[in-house]
Each structure stands twice: as structure tokens, then as C-alpha cells.
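Colleague: Note that the protein sequences, when read in sequence, are chains A and B.
Counting with the UniProt record's numbering, you get residues 1 to 172 for the letters of the first sequence.
Counting with the UniProt record's numbering, you get residues 1 to 172 for the letters of the second sequence.
There are 2 protein chains.
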Amino acid sequence: MPNINKQKSAAGKLIEFGMVSHTADEVARRYHAEQDKHPLRFQGQGKILLTLAQADGLSQKELATRLNLTVQSTAEFVNKLVKKQLVTKEKSTSDRRKTIIRLTDLGRETAATETAQVPAYLDSLTDTELDQLTTILTKINHNLYDEIDTITPDQSGKFQQVVADRLRDWFL
Amino acid sequence: MPNINKQKSAAGKLIEFGMVSHTADEVARRYHAEQDKHPLRFQGQGKILLTLAQADGLSQKELATRLNLTVQSTAEFVNKLVKKQLVTKEKSTSDRRKTIIRLTDLGRETAATETAQVPAYLDSLTDTELDQLTTILTKINHNLYDEIDTITPDQSGKFQQVVADRLRDWFL
DNA sequence: AATTTTAGTCAGGGGGACCTGATTAAAATG
DNA sequence: CATTTTAATCAGGTCCCCCTGACTAAAATT
Numbered sequence: 001m002p003n004i005n006k007q008k009s010a011a012g013k014l015i016e017f018g019m020v021s022h023t024a025d026e027v028a029r030r031y032h033a034e035q036d037k038h039p040l041r042f043q044g045q046g047k048i049l050l051t052l053a054q055a056d057g058l059s060q061k062e063l064a065t066r067l068n069l070t071v072q073s074t075a076e077f078v079n080k081l082v083k084k085q086l087v088t089k090e091k092s093t094s095d096r097r098k099t100i101i102r103l104t105d106l107g108r109e110t111a112a113t114e115t116a117q118v119p120a121y122l123d124s125l126t127d128t129e130l131d132q133l134t135t136i137l138t139k140i141n142h143n144l145y146d147e148i149d150t151i152t153p154d155q156s157g158k159f160q161q162v163v164a165d166r167l168r169d170w171f172l
Numbered sequence: 001m002p003n004i005n006k007q008k009s010a011a012g013k014l015i016e017f018g019m020v021s022h023t024a025d026e027v028a029r030r031y032h033a034e035q036d037k038h039p040l041r042f043q044g045q046g047k048i049l050l051t052l053a054q055a056d057g058l059s060q061k062e063l064a065t066r067l068n069l070t071v072q073s074t075a076e077f078v079n080k081l082v083k084k085q086l087v088t089k090e091k092s093t094s095d096r097r098k099t100i101i102r103l104t105d106l107g108r109e110t111a112a113t114e115t116a117q118v119p120a121y122l123d124s125l126t127d128t129e130l131d132q133l134t135t136i137l138t139k140i141n142h143n144l145y146d147e148i149d150t151i152t153p154d155q156s157g158k159f160q161q162v163v164a165d166r167l168r169d170w171f172l
């Protein structure tokens with residue numbers, strides 16, 4: 001049974017981290033004139049981009065199913081991404097009902113660079129600390145995956161695959 | 001100079017953490033029928049609530065200034081919070097132009113409980129790991145504060161105070 | 001007393017994440 | 001061949017964050 005106060009301290013820091021990194025992003029975007037730098041969130045358009053980065057050439061329906069979205073929402077996000085030139089739509093030749101979504105070079109780049117960047121704040125950590133952090137976050141993330149799977153056993157593991165596989169490609 | 005690969009691993013885990021915790025929250029909210037459980041984000045209404053939790057009884061203008069919002073946006077969020085019974089508005093007697101915003105008991109409770117909760121995923125960590133995590137996040141957060149201050153030196157430290165002071169109250 | 005500054009309000013808008021309902025076109029199936 | 005299922009689309013809506021512009025009421029300044 002871990003010490004409750006240690007847990008609280010860590011929880012606080014984690015929350016603080018969430019807040020501060022969020023604000024740092026926002027501030028950077030606003031003051032640094034990086035207007036078109038959409039921060040690749042884990043929802044909506046960002047989710048689509050990320051999924052395609054792992055498995056390109058999916059149909060809209062496939063995307064919707066994987067991401068637990070309605071086909072209409074998916075279509076909306078895809079269309080927005082098309083406008084931003086990050087993905088393309090083309091009719092499938094084998095089944096002309098289907099629309100295949102593919103990343104453009106820009107889209108692939110966007111997904112990769114935004115996520116593969118090593119944040120500057122990691123420079124302050126020693127190698128030992130980096131190892132510790134990685135170990136700890138691995139544990140935490142596993143717990144979160146379990147939590148998600150427990151709540152939605154119907155689609156067990158689907159989300160984890162989308163996320164984890166992709167991150168493995170990028171970082172390992 | 002820290003090892004670049006260790007940095008990348010940690011960065012990946014951190015990003016993964018962001019994604020997974022976000023999804024876990026979302027999934028919990030959706031499937032667990034906790035509809036009215038607004039997750040106290042670090043924007044909009046949540047930001048207001050958080051700030052008031054640290055310094056109650058501010059005027060709308062004060063809030064706007066501290067949070068780097070326009071007075072109109074601030075008014076909007078405050079009004080939404082009033083509807084949710086989390087804050088109250090009252091005219092200042094000393095200066096009748098001003099509107100003082102105060103947390104209701106429910107508001108204070110909401111701010112506190114939502115943030116003071118120790119996430120279940122921390123149970124998997126040992127005391128040693130909790131200490132390590134706290135140390136590491138303290139460093140990281142400091143760096144992020146510096147980053148924010150560098151970009152917006154005009155209001156240096158303001159944000160940090162709002163966040164850090166409040167978290168100190170909660171967790172230390 | 002007249003003017004300017006300050007705190008708020010209303011109106012309107014842009015963009016984002018989602019959703020339901022109704023409809024069409026193409027494929028599958030009886 | 002007629003019907004049903006499937007992949008998409010359009011239309012319209014809800015809620016969120018956040019901004020500009022125009023306008024009042026009260027306080028501060030001249």
C-alpha cells in the first residue's frame with residue numbers, strides 16, 4: 001500500500017503538468033504567430049490523422065468504427081483535413097461505395113513531427129530521471145488502458161492498438 | 001547532455017499519457033453515465049473556477065486580466081458557471097461598476113474534489129516511484145513555467161502563481 | 001460641470017467536437 | 001429482379017472556447 005501523501009504529491013504534479021503544458025502550448029501558439037500550428041489533439045481531426053499515420057488508406061467507415069465516432073462526424077473531420085491538405089479522399093475502385101482516406105505527405109509530416117518532437121523541458125532531466133520517468137509512465141499508461149478496457153470491454157484493446165502501435169513506431 | 005534516445009522514449013510516454021488519460025476520461029464520462037461531471041479543464045469555465053478557488057471574490061475584470069481573457073469571454077464563462085450554481089455574481093458596494101464573483105459551496109467543492117482526487121492509476125506505483133515522479137514533474141513544470149514566462153514576459157509569473165499556489169494548497 | 005476612463009453588457013461570429021435524421025448510390029442477397 | 005444492407009452525403013443542431021464591435025452606467029479627472 002503506497003503512502004497516500006506521496007500519491008497526493010504525485011497526483012498534484014501530474015495535474016499541474018497537464019495545466020501548465022496546456023497553457024504553454026496555447027501561449028506559444030498565440031504569441032509566437034504559429035497560427036496554423038494545430039496541436040494535434042487526441043480528438044476530432046487529430047485523432048483521424050493519428051490513426052491514418054498508423055494505418056493509411058482506410059475507408060471512412062473503418063475510421064469511424066476504430067475511433068468510435070459516427071460516420072457523419074468522421075466525414076466532417078475528414079473534410080476539414082482535406083481542406084487543410086493533410087489527407088485525400090478517393091473512391092475505392094473495388095467497391096465504389098467506399099471512400100478511401102489517405103495521408104498526404106504534408107499530413108504524414110504533420111502527424112510525425114508534431115508527435116516526434118522532444119519537448120525542450122526534457123533537457124533538464126538526467127538520463128537516470130528519463131529512465132525513471134519512462135518506467136513510471138509505462139506503468140501508468142498500462143493502468144489507463146486497463147481502465148478503458150474495463151469500461152468498454154466491447155471494443156477491448158482497439159484503442160490501445162491504435163495509440164500504442166503508433167507510438168512504438170515513433171519512439172522505439 | 002542527456003541521451004537523445006532516452007529523451008525520445010520519455011517524450012513518447014508523456015504523449016501517450018496525455019492521449020490515454022484523455023480517452024479514459026472521455027470513455028468514463030460517456031459510458032459511466034456521469035453526465036454532469038464536467039472534467040474541470042484548464043480553459044474556459046474550469047480556469048475561472050480554479051482561479052476563484054485560489055482567490056475568491058475577484059471582479060470580472062480581475063479574472064479576465066489574470067487569465068488572459070477578454071472581459072466578454074470572462075463574462076460568458078462566469079454566466080455559465082452561475083447557471084450551474086458554482087459561482088455567484090454581486091455588485092460591489094464600494095464601486096458599483098464592479099461585479100464580484102464568488103464561489104458557492106458547490107463551486108468550491110467541485111473545484112476541490114475534482115482536483116484533489118488521487119487517480120487510481122497511481123496505485124500501481126511504489127513509494128520510490130512516486131517520489132521519483134514528483135521530483136521529475138517538479139523539474140518539468142518549472143521548465144514549462146519558464147517557457148511561458150519567456151514568451152509572455154509582460155505578465156511574468158502571473159499564471160504560475162494562479163496554478164502553483166492553488167496546487168500547493170491542495171496537495172502539500 | 002464636462003469629459004474621459006473603467007467595468008460590464010448585448011449582439012454577432014469563427015472554429016471545434018460531436019450527434020440525430022433523412023436521403024442517395026452502390027453492393028449484396030433472397 | 002426486387003429488396004435489403006452498406007457507405008456516404010446533406011441538413012441541422014448542441015455545446016464549448018474565445019474574439020471583435022457597439023453601447024451603457026458609474027467612477028475618476030480636468
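Ideal Cβ placement from N, Cα and C applies to all residues, glycine included.
Note that this is a predicted model, so its numbers are computed, not measured.
1. Can you find the residues in the same chain that come closer than 8 Å, C-beta to C-beta, to Glu90 (chain A), ignoring five residues on each side of it along the sequence?
2. State the Cα-Cα distance for the pair Thr51 (chain B) and Thr93 (chain A), rounded to the nearest angstrom.
3. Where do the N-terminal and C-terminal ends of the alpha helix (DSSP H) with Arg66 (chain B) fall, by residue?
4. Since Leu125 (chain B) is in the beta strand (DSSP E), which residue starts that stretch and which ends it?
5. Kindly say whether Trp170 (chain B), judged by its beta-carbon, lies nearer than 8 Å to any beta-carbon of chain A.
6. What in chain A is Cβ-close to Ala64 (chain B), meaning under 7 Å?
7. Which partner residues of Lys91 (chain A) appear in the DSSP bridge assignment?
8. Would Gly18 (chain A) pass as an interface residue toward chain B - the criterion being a Cβ-Cβ separation below 8 Å?
9. Would you please state the rounded distance, in angstroms, between the beta carbons of Leu49 (chain B) and Gly107 (chain B)? I believe it to be under 8 Å.
10. At what residues does the alpha helix (DSSP H) containing Phe77 (chain A) begin and finish?
11. With burial defined as no fewer than 16 other Cβ atoms inside 10 Å of the residue's Cβ, what is the status of Lys8 (chain A): buried or exposed?
12. Taking DSSP as the reference, what is the three-state secondary structure of Thr23 (chain B)?
13. Look at the Cβ atom of Phe77 (chain A), then the Cβ atom of Gln45 (chain A), and state whether they are nearer than 8 Å.
14. Considering only the alpha carbon of each residue, which of A:Ala120, A:Leu130, A:Glu147 lies closest to Ala120 (chain B)?
15. If I measure Cβ to Cβ from Gln85 (chain B) and keep anything under 8 Å in the same chain, skipping five residues before and after, which residues do I get?
16. Going along chain B in order, which residues have a C-beta closer than 8 Å to the C-beta of Gln54 (chain A)?
17. Within 10 Å of its beta-carbon, does Lys83 (chain B) have 16 or more other beta-carbons around it, so buried, or fewer, so exposed?
18. Measure from the alpha carbon of Ala10 (chain A) to the alpha carbon of each residue in A:Leu133, A:His142, A:His22, A:Thr70, then state which is nearest.
19. Can you name, in chain order, every residue of its own chain whose Cβ lies under 8 Å from the Cβ of Thr70 (chain A), other than the five neighbours on each side?
20. Is the shortest distance between the beta-carbon of Glu129 (chain B) and the beta-carbons of chain A less than 8 Å?
21. Give the DSSP-derived three-state secondary structure of Leu52 (chain A) in the structure shown.
Modeller: Taking the definition as stated:
1. Thr99, Ile100, Arg102
2. 56 Å
3. 60 to 67
4. It is not in any beta strand (DSSP E) - Leu125 (chain B) carries neither H nor E in the DSSP assignment.
5. With a pLDDT of only 49 at Trp170 (chain B), under the threshold of 50, the placement of this residue in the model should not be trusted; the figure read from the coordinates follows. At least one chain A Cβ lies under 8 Å of Trp170 (chain B).
6. Going along chain A, no residue has its Cβ under 7 Å from Ala64 (chain B), so there is no contact; the nearest lies around 15 Å.
7. A:Thr99
8. yes
9. 6 Å
10. 71 to 83
11. buried
12. helix
13. yes
14. A:Glu147
15. Thr104, Leu106, Gly107
16. The premise fails here: Gln54 (chain A) is roughly 12 Å from chain B at the closest Cβ pair, so nothing lies under 8 Å.
17. exposed
18. A:Leu133
19. Ala64
20. yes
21. helix
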